[in-house]
Structures are given as structure tokens and as C-alpha cells.
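Line by line, the protein sequences are chains A and B. The working numbering applies: residue 1444 is where the first sequence begins, and numbers increase by one. The working numbering applies: residue 1444 is where the second sequence begins, and numbers increase by one. Read through the structure below, which is laid out as C-alpha cells, and then see the notes.
Protein chains: 2
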Amino acid sequence: MEKRATIKDVAEAAGVGVATVSRVLSGGSASPATRERVLAVAAQLDYRPSALGRNLRQRRTGGMGLLVPDLTDTFYGQLAEGVLACARSAGEPVVLGSTGGDPEQEADLIGMLLEQSVDRLIAVPSGDAETWAPAIRAGMTVVFADRLPVQPSHDDAGAAAIADLMALDGLSPAPKARPLDVPAVVADDRAGIRTAVRYLRGLGHKRIAFLGGPGHDRRVAAFREAVGSPVDEELVVFGTGSRDSAYAAASGLFQSRPDLSAVVAGGNVLGEAAVLAARELDLRVPRDVSLVMYDDVPWAELCSPPLTVIAQPGRDMGYRAAELVLRAVGRRPRSVVLPTELIIRGSCGPHR
Amino acid sequence: MEKRATIKDVAEAAGVGVATVSRVLSGGSASPATRERVLAVAAQLDYRPSALGRNLRQRRTGGMGLLVPDLTDTFYGQLAEGVLACARSAGEPVVLGSTGGDPEQEADLIGMLLEQSVDRLIAVPSGDAETWAPAIRAGMTVVFADRLPVQPSHDDAGAAAIADLMALDGLSPAPKARPLDVPAVVADDRAGIRTAVRYLRGLGHKRIAFLGGPGHDRRVAAFREAVGSPVDEELVVFGTGSRDSAYAAASGLFQSRPDLSAVVAGGNVLGEAAVLAARELDLRVPRDVSLVMYDDVPWAELCSPPLTVIAQPGRDMGYRAAELVLRAVGRRPRSVVLPTELIIRGSCGPHR
DNA sequence: CACTCACGTGGATACGTTTTCAAGCATCTC
DNA sequence: GAGATGCTTGAAAACGTATCCACGTGAGTG
């Protein structure tokens, strides 16, 4: 356990002032001679600038925060990998938090990041605009990924991004939306859901159900739009985010409405639950019920039959979000919508 | 974007010195009167101590680092969730890195953590003892999880933990092992593998293959021991860690040795590959080939037939590792071995 | 030659906290 | 009542860095 060399040591050994060393190492101006000497000495002493001093001086911790609901959900694993890849190539650290989908925990983690002076954050939000107010107020650069905070009753944090995305969705923006500089990187849920519903319709399905979870608001809206009015409300059910509640929702749906012939699962946890519930109830896929799952995860191919999915680029989503949050110096970046793709495997069949 | 109150502001507003404020907030001694006043003022100013100042003063960043090979691997997702849960309850941040199983990236990330003065680290190591030397030398408190660095040729970093675990495995410790204070939290691979092999043997299987990946050294050793000599070396194959190479290894194994009747996959990525490769080659599970997979992941139950697995408590593993690394004040914690459980589902059948 | 200008340089300062140290004060003991 | 003892307190010194500012030196310009 040897103590590390400081900038002062380098300065003394090189016979220059600390300011010069700092300049050389941060790419400032210096004469070629001194630059070379400083670099040589720094290399010889194995000097590594301490992030502690720099952080305090600049009153901000480098890198970025990342808040996801659950790393056990493969999609968020993909998203995290994307963020980490971008951060790594930039040499920046990322401090991670798992919210469990709980706004309270999310608020705690935001507080923790604030305390750490982490001023850049990528989040899959669970709480509403009120939860996010402290972060915005503190001047954090926030980028939402995958979803947005639940729509606030009055103009607030997520409004700008929501306006962005509703415009991109082709919907008219909420009237009271006042921009508040929170961009987002999300998948084109509307197109993804619409394509899936059309595909199922093409197979002859009339009674199509939607199995949703927290944060699937845009997907539900897209589903309603794709199905067209009037929507059979009993066919739109929700879990709370846990695997258990997802299973309960799926099982309840199948039992209460044996007449349904197709299900769109809003996420891979829900898709998993649907498969399990169907099996438990002796419903064969796709013979008795067709299934389309949001998220393409490696194990979708393992099911038998392999699952037809709406693929969204989780890794890219994370990478793009990280890029946005890193490049956002002062200005507000534009929101990004990534394409989805319907990957047809074997979990959908003709309506009988 | 309002500037946050500093300890100085609180001190002035309360009419005391900064030292007193610091003491009150860190639980030091103070008269009840002043304590109350300071707390009141701090609350009123919404004062949150800055981690930056504290970190610099203490020359160490709080929290811990976490290095895993791949968050897309559900098992590491579980492990990370465990770490995060423990860290959250302690109010500590965790900075995450994904190594991709590449020692070079791992070394880079270690360097980054060193620069951040993160002095506690939980890692699923990919590199060898040499990769880990810088961290140890810098005085980091390291706890390995799930696996250990590859056995060094001479005494080095992982030696102590390896000695610990070989002893726990009932094997004689390596002769040259010199303790170097790197504890580990791992599953009881030996018992897990042995149980699986015995189970397969009990079903009549003679030619059992092992499909391994990087870091599965202990599992391979256990497999060799359980199978007994002489081991048919063609039945022990390895992938490099990626899904592609896992698939190639599995496919190659099935094609080169059509006489094998059972496979033990050393991890869930390899199990996934085995299922896909078997399907591609028209091998039916468990009719043509029986399969046991290490790691119990949610989707194991989705396969048909559902996969028989050796479950290891990924979440507990992470939680325990985080506990160890947090409680390790100066002394070296003892390594921990967690139990495994053979969960019998439907992917193994009698040998035909 | 004098004057300006640009540039390389180093001293000093600030960032927000913890911790040491000595001083102040009240209480206790002989 | 004098000395000793214990507790509370605030001033000050770090921690390692980035940056402001002033100084010096050289070249360029009139």
C-alpha cells in the first residue's frame, strides 16, 4: 500500500509549478520543452491525477448516474450495457442504482446522487414529475430512457419530453406543456405496437388483450389507438412490475376472458408471465392463444414455440442516452426515438 | 438551479463554528442545546453535506465498485441486484463497470476506480493475479464473487482465497499459497456439480459432457472429480464467454460426439447455447440428450421442457459480498461459500 | 531603441469537509 | 478554596486539484 504521487510531487520533481503540471495534463498551453519534461516525470512517478481534488475544485463529480428499475430484467441489462459501453469509451465512471420500480427508493437514490454531486443522470423513471423535481432544480442534466415519468397533472418535469414524443408519435402535444429540458431516448412504441396489432389482426384475431406494467403508458395508448374504439377495457390489464404480480395479472386475464385469442405483453417480464400462466391453464401457444412480447431477449428464442417479439434496441438506447448526457454541455439535447422491429417467430398463429 | 448550502452557511446561521456543525452531523458529542439548534438550522436550510469535501478530506471515495463481465447475463444481473440492495440500505453509492470478460478492459476499469479513489471493490474477475496486483497494491479492499482469478503460477493475489476455497472444497491447499487477503463469496460448485453428475448417473448416463466458459475452473475440476478418471477429454469443451462462441462450442460438441447422452452447462449462457444447438441439430431434450444448467434464471422454467438447473443464490451472493466489503474495516474477512441446489424440472431423462 | 503584445510560467486561492488542538468553562475532589 | 478533571467549543490545518492573476521574457512593431 504505497501512497500515490500528487501533482505537487510531479511539480517538484520536474522543477516547475503545480499550475504548469495541471495545464500540461489537461491539455493547456505550455512550451514543448516543459511539456515533455513534465510528461516524462509524471510517467516516471506513475502519477495519476486524483479525481477527488478535481471533483472538489470543479464542484461536480464526473461521470453519470444510471437508475433502472431492475437489473434482473434482461432489457435493463441490455440498456445498462449500452450506457456502460459509452461511458467506458469516454473514461467516465457510472454510479448505478436499482429502484425496484419504487418512486420512494428512486427519490432516495436521486438524493444520494445529489449528495455525490453527480450532475448527469440517465434514468428509467418510476416516480412522477414531483419525484424528479429535486434533480431538475439542482441543475442535473437528466435524460430519460425507455419511458417517461407519469404525466403530471399540471405542467412539470417530464412535460418537454412528453411534448417531444407526442409530436413524434403524431399526437397533438399536451396543451399545458411548458418545456423543462428533459430529453428522452425511447423506442417507437407506437409503431411497434401498431405493427404487432396489425399482424395479429391479419391472422384473424379479434379479441386482443394487452398485458402492461408500470411505465407502459405510451404502449397502452398506442394499443388503444391501434385497436380502435371501442376498446374492451377488460382486455387491458396491468401488473405492478414484480414477476408475481405479472403472473397474477396474466393468469387473471386468461381466466376471466377465455374468449381472448391473442395477447400483447408490454415487456419481457410480462411475456414471461404470460407463457407461464398459459401453460398452467393448459392453454397452448399459439394454438389456443397467440402471444407477442415487447423486448427481444435471448431467451425468447428458447421458448417453444420461440416467441414473436417487438424488438427494441436496448443496448443502443443506453448508448445513445449516455451520448446525449455526455454531450449536453449546456444546451438541451433533442429527444431520440429508436425504431422497433417485429420479429416473427412461432408464438402467433391464425385465429380458430 | 439554486446553489446548495454549505456547512459554513449552517455554522453562521446557527451561530456556531463549522467544527461543531460537523460534529453534530456525524454523531459526535455536543451539548443538547447546540445540537438541537444546529439540526434545526440544517433542516431549515435543507443542508446536505457534500460528499466531495468529505471524500477529499478522507482521501477516499465512499461506496464501492462493482465489476461484472456482462449485465446481459441474468446471473450477473441477480448478483448486481444483491450488491445494490445492500449498498442502498447502507446509503452508499456503487460505481459499476462491465468488463466483457476481457482482462484488458478489467484493468482499465480498475485504473478508473483507482483514479476515483474507490477503495472497496466487488468483482467477478476475468484477469489473472497480475491484473489484480495494482488494486491490491493500492490498498483496495477487494472481494471476489462467483469466481476467482485464474490460478497464478507463483504465489500471488488470488492465492489466499483459493487456499480458503480449496480447503472448503476438501482439496489440499496449493503448496505455495501465501495469503494475500483477498476473500471471496462463491457458490459450492463442487457439491453442485457432484450432485448433478450423480443425478445424471442415476438416470443411467455414462457419457456426460461439460460445457464450460471462462472462470469455470472450479466447476470443471469438480466435474472431473465427480466423473472420476479417466475423463474423456473430448467431452470437456469451452466457449470464450460470448453467446456466439458458446453456441459454437455446444454445436461442435454435439456434432463431434453424437454418442454423448447428457450435458452439464457451466453457466446460463452456455445452457442457452446448448438448447439452441440441440434444437438446430434436431436433438430432442431430454429424449436424445439430457441437460443440466448451472444458474437458476427465470427463463429456465420457460423452456420446454423446463430446464433442470443447479441453482446458486446470485442475489445473496451479491448481498453477502457487499456486506463483507463494507464491514472489512482493516481485518481480512473470511471467504464465504453459499449452498447450491439441484432443481429438477424436465430436461433430464433416462439414458436410452 | 522603446513600446507593445503574446505567451509561458508559478504563486496564491478556493472548493467543502473532517479532524486536531488548545482554550474556555463548569464541576468535582481533597 | 485551590487544583484537577471532564466536556463543549471554534480556529486552523489539511486533502489534491483547477484557475485566476501577475510577472517575466521573448519577439515583433513603430
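For every residue, glycine included, the Cβ atom is placed at its ideal position computed from N, Cα and C.
- Under the Cβ distance rule, residue 1742/B counts among the residues neighbouring chain A, one pair being separated by less than 8 Å.
- In the DSSP assignment, residue 1563/A falls within the beta strand (DSSP E) that extends over 1563-1566.
- A Cβ-Cβ distance of about 13 Å is found for the pair residue 1654/B and residue 1733/B, leaving them out of contact under the 8 Å criterion.
- The stretch 1704-1736 of chain B contains, as complete beta strand (DSSP E) runs of 3+ residues, the segments 1705-1708 (chain order).
- Cβ proximity to chain B below 8 Å picks out 1686 from the stretch 1678-1693 of chain A.
- Straight-line spacing of the CA atoms in residue 1724/A and residue 1669/A works out to 28 Å.
- Rounded to the nearest whole angstrom, the CA to CA distance from residue 1528/B to residue 1536/B is 11 Å.
- Between residue 1767/B and residue 1628/B, the beta carbon gap of about 7 Å places them in contact (Cβ cut-off 8 Å).
- The C-beta distance from residue 1479/A to residue 1761/A rounds to 40 Å, too long to meet the 8 Å contact threshold.
- Between the stretch 1556-1563 of chain A and the stretch 1494-1504 of chain A there are three or more inter-stretch CB-CB distances shorter than 8 Å, so the stretches are counted as touching.
- With its beta carbon at least 8 Å from every one in chain B, residue 1574/A lies outside the interface.
- Distance between residue 1449/A and residue 1489/A, taken at the CA atoms: about 10 Å.
- Judged by DSSP in its simplified three-state form, residue 1591/B adopts coil rather than helix or strand.
- For residue 1763/B, no CB of chain A lies under 8 Å from its own CB, so it is not counted at the interface with that chain.
- In this structure, the beta-carbon distance from residue 1567/A to residue 1545/A does not fall below 8 Å.
- Excluding the 5 residues flanking it on each side, residue 1788/A has same chain C-beta neighbours closer than 8 Å at 1743, 1744, 1748, 1749, 1750, 1751, 1752, in chain order.
- Taking the Cβ atoms as the reference, residue 1792/A lies roughly 6 Å from residue 1730/A, within the contact range of under 8 Å.
- Proximity to residue 1463/A across 1482/A, 1447/A, 1659/A peaks at 1482/A, based on C-alpha coordinates.
- Taking residue 1713/B as reference, the option from 1576/B, 1521/B, 1472/B, 1680/B with the minimal CA-CA separation is 1680/B.
- The DSSP-derived three-state label of residue 1652/B is strand.
- If you draw a straight line from the Cα of residue 1736/A to the Cα of residue 1485/A, it comes to about 55 Å.
- Taking a 10 Å sphere around the C-beta of residue 1702/A, we find fewer than 16 other C-beta atoms and assign the residue as exposed.
- Within 10 angstroms of the beta-carbon of residue 1632/B lie 16 or more other beta-carbons, which makes it buried.
- Comparing alpha-carbon positions, the option among 1457/A, 1468/A, 1686/A lying closest to residue 1543/A turns out to be 1686/A.
- Rounded to whole angstroms, the Cβ separation of residue 1495/B and residue 1514/A is 27 Å, and the two are not in contact under 8 Å.
- With contacts defined as CB atoms closer than 8 Å, residue 1715/B and residue 1699/B fail to qualify as a contacting pair.
- When 7 Å is used as the limit between beta carbons, residue 1536/B is near these residues of chain A: 1538, 1555, 1559, in chain order.
- For residue 1476/B, the number of other beta carbons within 10 angstroms of its own is below 16, and it is reported as exposed.
- By the neighbour-count criterion, in which a residue is buried when 16 or more other Cβ atoms sit within 10 angstroms of its Cβ, residue 1521/B is buried.
- For residue 1533/B, no Cβ of chain A is located within less than 8 Å of the residue's own Cβ.
- With fewer than 16 other CB atoms across the displayed protein chains lying within 10 angstroms of its CB, residue 1772/B is exposed.
- Contact of residue 1696/B with chain A is not assigned, every C-beta pair being separated by 8 Å or more.
- The beta carbon of residue 1663/B lies closer than 8 Å to those of 1653, 1655, 1679, 1709 in the same chain, with the five residues before and after it left out.
- Annotation for residue 1464/A: the continuous alpha helix (DSSP H) segment containing it runs 1461-1468.
- In the assembly as shown, residue 1684/B is a buried residue. Its beta-carbon has 16 or more other beta-carbons within 10 Å.
- Close partners of residue 1563/B in chain A (Cβ separation under 8 Å) are lacking, with about 13 Å as the shortest Cβ gap.
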